[in-house]
Amino acid sequence: MSLQVEHMLAFNKLYTEYSRRFIRFARSYVQTDEEAEDIVNDSFMYYWENRATIDNSNLAAYLLTMVKHRCLNHLKRQVLEEQIKSDFYFLEEWELQLKITSLEVCNPNMLMSHEIQALVQRALAALPVQTREVLLRSRYHSQSNKEIAAALGISVKAVEYHITKALRVLRVVLKDYFPFWLLMCSYWLDEMSCWH
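Residue numbers (full-length UniProt numbering): 1 to 196.
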């Protein structure tokens, strides 16, 4: 029997003996059976691909440690995603309230001010290129996050991140003018086309 076949048999035995237990362990921390299975299978796959450099003295403990770390990374990623979602929803609610306030204090003469137009253009120019592109597609062209993601080849979560980032920057930069900026979008659409 070749050494390769021996390694395969030993690996299959190890997988058969421990995979279900490790999946139950992972499942107690992650949300679905599929996530738990993926974590365990990825751990076994990592072991198989790197077996030549791994100490074989206590493989079960080594594999369980990998499963533990992958579960931890999965949970930390979930916390980050929830934080981004929470920030995004907070900003949407804040933006809605801002629109209401803007309409209540709207002064059409102020909207057409060249000073404010220049301030908005400078603020947009200061944004990173992709963040500006996402914001313009979202706010000026009313594209959905999914449409923007497809057009730019990024994830929907990345689109949400860029919108959140842009609105935070603009809120700080434009301060007192920001409520008016939300209303000016339709007036300045042609002028902003130079950013594309």
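Ideal placement from N, C-alpha and C gives every residue a C-beta, glycine not left out.
**Prompt:** With DSSP run on the structure shown, which of helix, strand or coil describes residue 58?
**Reply:** Position 58 of the sequence shown, counted from the start, is the residue given in the question as residue 58. Residue state, collapsed to three classes: coil.
**Asked** Just checking my contact of residue 61 with residue 18 at CB under 8 Å: how many whole Å lie between their CB atoms?
**Response** One-based indexing of the sequence shown puts residue 61 at position 61. One-based indexing of the sequence shown puts residue 18 at position 18. The C-beta distance from residue 61 to residue 18 rounds to 10 Å, too long to meet the 8 Å contact threshold.
**Item:** Neighbourhood of residue 52 by C-beta distance below 7 Å, restricted to the same chain and skipping five residues each side
**Value:** As a working note, residue 52 is residue 52 in the sequence shown. The same chain holds no residue with a CB closer than 7 Å to that of residue 52 once the five nearest residues on each side in sequence are set aside.
**Message:** Assuming contact is defined by CB atoms lying nearer than 8 Å, are residue 159 and residue 149 in contact in what I supplied?
**Reply:** Translated into the one-based positions of the sequence shown, residue 159 becomes position 159. Translated into the one-based positions of the sequence shown, residue 149 becomes position 149. Yes; because the gap between Cβ atoms is below 8 Å, this pair is in contact.
**Prompt:** Whose C-alpha, out of 20, 101, 127, 28, is nearest the C-alpha of residue 41?
**Reply:** Sequence index remark: in the sequence shown, residue 41 carries index 41 (1-based). For residue 41, the nearest C-alpha among the options comes from 20.
**Asked** Any idea what DSSP makes of residue 8, helix, strand or coil?
**Response** Start at 1 with the first residue of the sequence shown, and residue 8 comes out as number 8. Correct three-state label for residue 8: helix.
**Message:** For a quick check, are the C-beta atoms of residue 67 and residue 28 less than 8 Å apart?
**Reply:** Numbered from 1 along the sequence shown, position 67 holds the residue referred to as residue 67. Numbered from 1 along the sequence shown, position 28 holds the residue referred to as residue 28. For residue 67 and residue 28, no; Cβs fall outside 8 Å.
**With 16 other Cβ atoms within 10 Å as the buried cut-off, status of residue 155** = For the purposes of this step, residue 155 is taken as residue 155 along the sequence shown, with counting starting at 1. With fewer than 16 Cβ atoms within 10 Å of its Cβ, residue 155 is classed as exposed.
**Asked** Beta-carbon separation of residue 124 and residue 132 under 8 Å?
**Response** Stepping through the sequence shown from its first residue, residue 124 is reached at position 124. Stepping through the sequence shown from its first residue, residue 132 is reached at position 132. Cβ distance < 8 Å, so residue 124 and residue 132 count as in contact.
**Boundaries (first-last residue) of the alpha helix (DSSP H) holding residue 129** = Within the sequence shown, residue 129 is the residue found at index 129, counting from 1. Residue range 129–135 is occupied by the alpha helix (DSSP H) that includes residue 129.
**Prompt:** Buried or exposed: residue 91, going by 16 or more other Cβ atoms within 10 Å of its Cβ?
**Reply:** One-based indexing of the sequence shown puts residue 91 at position 91. Answer is buried; the Cβ neighbour count reaches 16.
**Message:** Judging by CA-CA distance, which residue of 144, 86, 14, 152 is the nearest neighbour of residue 130?
**Reply:** Looking up residue 130 in the sequence shown gives position 130. The option with the nearest alpha carbon to residue 130 is 152.
**Message:** With the cut-off set at 8 Å, would you say residue 36 and residue 23 are in Cβ contact?
**Reply:** For the purposes of this step, residue 36 is taken as residue 36 along the sequence shown, with counting starting at 1. For the purposes of this step, residue 23 is taken as residue 23 along the sequence shown, with counting starting at 1. Yes. Within cutoff.
**Item:** Segments of 4+ residues assigned as alpha helix (DSSP H) that fall wholly inside the UniProt domain "RNA polymerase sigma-70 region 2" (14–78)
**Value:** 33–50
**Item:** Residue range of the alpha helix (DSSP H) that includes residue 275
**Value:** Outside the shown range of the chain (1 to 196) lies residue 275, about which nothing can therefore be said.
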